[in-house]
Amino acid sequence: MRGVREIYPFERPAELDSATRSRLPVIIVGAGPVGMAMGLDLDRHGIRNIILDDDNKVSIGSRAICWSKRALEVLDRLGCGERMLDKGVTWNLGKVFFGDRKDPVYGFNMLEQEDQQFPGFINLQQYFVEEYLIDEIDNSELTGIRWENEVTAIEQTTEGATVTVSTPEGDYKLDCDYLIAADGSRSPIRKMLGFDFGGETFQDHFLIADIKMKADFPTERWFWFDPPFNRDQSALLHKQPDDVWRLDFQLGWDIDREQELKPERVARRIRAMLGEDLEFEFEWVSIYTFQCRQMDRFVHNRVIFAGDAAHLVSPFGARGANSGLQDVDNLGWKLALVLQRKAPARLLESYNDERVTAAKENILNSTRATDFITPKSKTSRIFRDATLELSPDFEFARKFVNSGRLSIACILDDSELNTRDRARYDCTLVPGSPGIDAPVTIDGADSWFMKTIRDGFTGVYFAQEGSSAPDGAAELETDTIPVKTVVVAGDSGADAGSMVDYKGLLRQRLDGQAGTYCLFRPDQHLVARWRSFDLRTVRNAVARATMQEQMA
Amino acid sequence: MRNKLHTEPRIHDPDDFYARLIGLHDGLSSDQSHDLNCKLILLMANHIGDREALDEALDVVRKYRPQT
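Protein sequences, first through last, are from chains A and B.
Heads up: the first sequence begins at 683 in our numbering, then just goes up one per residue.
Heads up: the second sequence begins at 104 in our numbering, then just goes up one per residue.
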């Protein structure tokens, strides 16, 4: 097996040699993609934090491989987006095969709207993403990772939490205002605090084989139901960078794990799938069962859970790491405002509400896909096969085919942070939706809309003519919670700093009639919009979005 | 509350339709028939389309489920 990756050295923490205890605004437990992204996001918001990890290396094996557009937009803010896009394998097309049929019964395209910076998905091994995040952390001011620093005890107080940290050179204690547990599906923090992780384990096994081979399969997600090489089960083929391919075979419940993991047996499966003459080497082989579980609450006073520690889904749909990164996106700005005393602590309740709702949606989707892929009864199987057989002939049947509803950004339309629309908008965006990207130019240089709405609250104003901000918009920039206004230039030219929507797509995607003002949260979700700008109304919306008393 | 699902007689020449429905399954095993019935349900469900009517139909039939 391949995969010699860097070992990150243990560095003796100063606390081991000091009589006084350090206190940090935030401690993050777990240096996986979610914990590291959290550290970087808080750094961007000016919040000092430390990431503690019990290990000294990035993840082994490809693990998470599909990164969604929304996750890429979040990671782009943290400095990794372009690098991931360059290294990753971009794909938008998926094909579904059934039984002995040579032709797919169904195909789909993930990216419904073109002209966006990031595609529907890229495939990239998790260890690359972790390495990119480590590089960003190395260059950051306010966050850092302490490798081989294992949290072995935690104590909550009304003003924070205290952890006991074990290292190869001794133990120490550390205080914090808030602790974020991003310590994975087996979350030691969750166990130490005795919280439930309710849900179910599915009675099925899947074999993942990541192999290196030279092959000219197209860059598409191929999924098989009941193929000749894996009768009565499913299989998946997916491309990763550096000639690595992800193969996934459903094995059923009653298997001999040790036998199935023998390289010659795995090789036989692979050759049956891809051809007897195939030359390849193994990168990673693993057998897993999967679970759908979530905590009832993600916020427990001063301890906040994120990522797999808080919710776990089956892999169909790529909703694990991608939803964990949306947790980060949602939590960072809120926690920063609370720590800076610009918003009340109950703003964190909205993280709980919004992300618990998102996790439920992910689990629902993932459970439905699982039931389609591995039918639980004979009748369910007959319906499934009937659906697949009708699919080549009827579009309506294709709509039922479920090989995993792939992660799309969560729409927070029920969030109490939103201000309700007072006018009609002819676009798919509603308050709570993440923004939709579009190509723009700023001062003549190519850019993307989503890059312009990620520094704090941002108002996007569609000017009738020219590119002046509406009267009063400048005042918002010096508020306690400032709002930056970005002007989309109207008919007669653009001044310095304004944005030109040269393809007209932004106007279309946001229904940006002249005069429209769209307010985005720091996590790029639309939170309010109006057909004309009014200073007091915008301030009220910001107050609502940060759970402050409404202004008169 | 029933309103979307038509339950009054609507099919022209019911004897003929019934005979064709049974005829569809002539000579098939239970499993093969089960498969055709599933396809028929899916086609008809899509024809109806109206989710309220479909949900009402599911509720009506649920009442005939054996007690388990």
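Ideal Cβ placement from N, Cα and C applies to all residues, glycine included.
Predicted model, so just to flag it, every value in this text is computed and none were measured.
As an exercise, report each continuous alpha helix (DSSP H) stretch of at least 4 residues that is fully enclosed by the region 1019-1089 of chain A, in chain order. List check, alpha helix (DSSP H) in window: 1029-1055, 1060-1072 and 1077-1080.
Check whether the region 730-748 of chain A touches the region 966-977 of chain A, taking contact to mean three or more Cβ pairs, one atom from each stretch, closer than 8 Å. The answer is yes - the region 966-977 of chain A touches the region 730-748 of chain A, with three or more Cβ pairs under 8 Å.
Would you decide whether tyrosine 788 of chain A is buried or exposed? Buried here means 16 or more other CB atoms lie within 10 Å of its CB. Tyrosine 788 of chain A comes out buried.
Taking only beta-carbon positions, decide if leucine 1046 of chain A is within less than 9 Å of chain B. So, not an interface residue.
Which term fits cysteine 1109 of chain A, buried or exposed, when burial requires 16 or more other beta carbons within 10 angstroms of its beta carbon? With fewer than 16 Cβ atoms within 10 Å of its Cβ, cysteine 1109 of chain A is classed as exposed.
How many whole angstroms separate the CB atoms of aspartate 1119 of chain A and glutamine 798 of chain A, which I take to be in contact at a CB cut-off of 8 Å? For aspartate 1119 of chain A against glutamine 798 of chain A, the beta-carbon gap comes to about 4 Å, under 8 Å, which counts as contact.
Can you tell me whether asparagine 805 of chain A is buried or exposed? The criterion is at least 16 other CB atoms within 10 Å of its CB, across all chains shown. By the neighbour-count criterion, in which a residue is buried when 16 or more other Cβ atoms sit within 10 angstroms of its Cβ, asparagine 805 of chain A is buried.
So, using beta-carbon positions, are valine 1168 of chain A and tyrosine 1143 of chain A closer together than 9 Å? Yes, they are a contact pair.
The region 130-153 of chain B: positions lying closer than 7 Å to chain A by Cβ: Of all residues in the region 130-153 of chain B, the ones placed with a Cβ closer than 7 Å to any Cβ belonging to chain A are His137, Asp138, Cys141, Lys142, Leu145 and Asn149, in chain order.
Proximal residues to phenylalanine 879 of chain A (C-beta, below 7 Å), its chain only, five neighbours per side dropped: Contacts found: Arg872, Arg975 and Met977.
Roughly how many angstroms lie between the CA atoms of lysine 1185 of chain A and valine 1038 of chain A, to the nearest whole one? The C-alpha of valine 1038 of chain A is placed about 38 Å away from the C-alpha of lysine 1185 of chain A.
Between methionine 720 of chain A and glycine 1014 of chain A, which are expected to be in contact by the criterion C-beta below 8 Å, what is the C-beta distance as a whole number of angstroms? Their Cβ separation, rounded to whole angstroms, is 7 Å, which keeps methionine 720 of chain A and glycine 1014 of chain A in contact under 8 Å.
So, are the CB atoms of leucine 982 of chain A and glycine 1117 of chain A less than 9 Å apart? Residue identity differs from the one stated: residue 982 of chain A is histidine in this sequence, not leucine. Cβ atoms of histidine 982 of chain A and glycine 1117 of chain A: not closer than 9 Å.
Can you tell me which of the three DSSP states arginine 1189 of chain A falls into? It is helical.
Quick one: what's got a C-beta closer than 6 Å to methionine 683 of chain A's C-beta in the same chain, skipping five residues either side? Confidence is the limiting factor: at methionine 683 of chain A the pLDDT is only 40, short of 50, which leaves the residue's position unreliable, though a coordinate-based value still follows. A distance below 6 Å between beta-carbons, with the five flanking residues on each side excluded, links methionine 683 of chain A to the following residues of its chain, in chain order: Phe964.
Along the chain, which unbroken stretches of the beta strand (DSSP E) at least 3 residues long are found entirely within the region 847-876 of chain A? Every beta strand (DSSP E) of 3 residues or more that sits fully in the region 847-876 of chain A is shown, in chain order, as 852-863.
In chain order, which beta strand (DSSP E) runs of at least 3 residues are fully inside the region 1131-1192 of chain A? Whole beta strand (DSSP E) segments, 3+ residues: 1139-1144 and 1165-1170.
Spell out whether any CB of chain B is found under 9 Å from the CB atom of aspartate 914 of chain A. So no, aspartate 914 of chain A is outside the interface.
Other residues of its chain near glutamate 1036 of chain A: CB distance less than 7 Å, five sequence neighbours each side excluded: Taken in chain order, the residues that qualify are Asn1012, Leu1094 and Ser1097.
Proximal chain B residues relative to threonine 1069 of chain A, where beta-carbon distance stays under 7 Å: Neighbours of threonine 1069 of chain A on chain B, chain order: Leu145.
Who are the near neighbours of aspartate 153 of chain B in its chain, counting only those whose CB is closer than 8 Å to its CB and skipping five residues on each side? Hits under 8 Å: Lys107.
Please check if any C-beta of chain B sits within less than 9 Å of the C-beta of isoleucine 1110 of chain A. One point to set straight first is that residue 1110 of chain A is threonine, not isoleucine, in the sequence displayed. So no, threonine 1110 of chain A is outside the interface.
DSSP puts lysine 777 of chain A in a beta bridge; with which residues? Beta-bridge analysis with DSSP links lysine 777 of chain A to A:Gly789 and A:Trp904.
Can you give the Cα-Cα distance for methionine 1233 of chain A and arginine 928 of chain A, rounded to whole angstroms? Low local confidence applies: a pLDDT of 45 at methionine 1233 of chain A is under 50, so the model's placement there is unreliable, with the coordinate-based value given in what follows. Approximately 54 Å between the Cα atoms of the pair.
On a CA-only basis, which of A:Pro900, A:Leu1188, A:Ile709 and A:Asp1009 is nearest threonine 844 of chain A? Give me that one, please. Nearest of A:Pro900, A:Leu1188, A:Ile709 and A:Asp1009 to threonine 844 of chain A, Cα basis: A:Ile709.
Under three-state DSSP, which class holds serine 1129 of chain A? In the structure shown, serine 1129 of chain A sits in a strand (DSSP, three-state: E or B).
Is the Cβ-Cβ distance between phenylalanine 803 of chain A and cysteine 762 of chain A less than 9 Å? Result no, Cβ atoms of phenylalanine 803 of chain A and cysteine 762 of chain A do not sit closer than 9 Å.
For chain B, check one thing: does any of its Cβ atoms lie closer than 9 Å to the Cβ of phenylalanine 907 of chain A? With 9 Å as the cut-off, phenylalanine 907 of chain A does not count as an interface residue toward chain B.
Selected residue, minimal CA-CA separation from glutamate 832 of chain A, among A:Leu861, A:Val711, A:Gly770 and A:Asn731: The candidate whose alpha carbon is nearest that of glutamate 832 of chain A is A:Val711.
From the beta carbon of asparagine 1187 of chain A, is the nearest beta carbon of chain B less than 9 Å away? A small correction: the amino acid at residue 1187 of chain A is leucine; asparagine does not occupy that position in the sequence shown. No, because no Cβ of chain B sits closer than 9 Å to the Cβ of leucine 1187 of chain A.
To be precise: take each residue of the region 1024-1053 of chain A, compare its Cβ to all Cβ atoms of chain B, and keep it if any distance is under 9 Å. Which residues remain? Going along the region 1024-1053 of chain A in chain order, one finds no residue with a Cβ nearer than 9 Å to chain B.
Looking at the structure shown, is alanine 1227 of chain A part of a helix, part of a strand, or coil, going by DSSP? Reduced to three states, the DSSP call for alanine 1227 of chain A is helix.
In the structure shown, what three-state DSSP assignment does alanine 1234 of chain A receive? Reliability of the predicted coordinates at alanine 1234 of chain A is poor, the pLDDT of 39 falling under 50, and the value obtained from them is presented with this limitation in mind. In the three-state DSSP reduction, alanine 1234 of chain A falls in the coil class, being neither helix nor strand.
Name the residue from A:Ser869, A:Ala1003, A:Pro900 and A:Ile819 whose alpha carbon lies nearest to the alpha carbon of proline 715 of chain A. Of the listed residues, the one whose Cα sits closest to proline 715 of chain A is A:Ala1003.
Tell me, please, whether the CB atom of alanine 1234 of chain A is closer than 9 Å to any CB atom in chain B? A caution first: alanine 1234 of chain A carries a pLDDT of 39, below 50, which makes its placement in the model unreliable, though a value can still be read off. Chain B contact via Cβ: absent.
Closer than 6 Å by C-beta to aspartate 892 of chain A: which residues in its own chain qualify, once you throw out the five before and the five after it? Chain order, please. Around aspartate 892 of chain A: Ser744, Val926, Arg928, Glu965 and Trp966.
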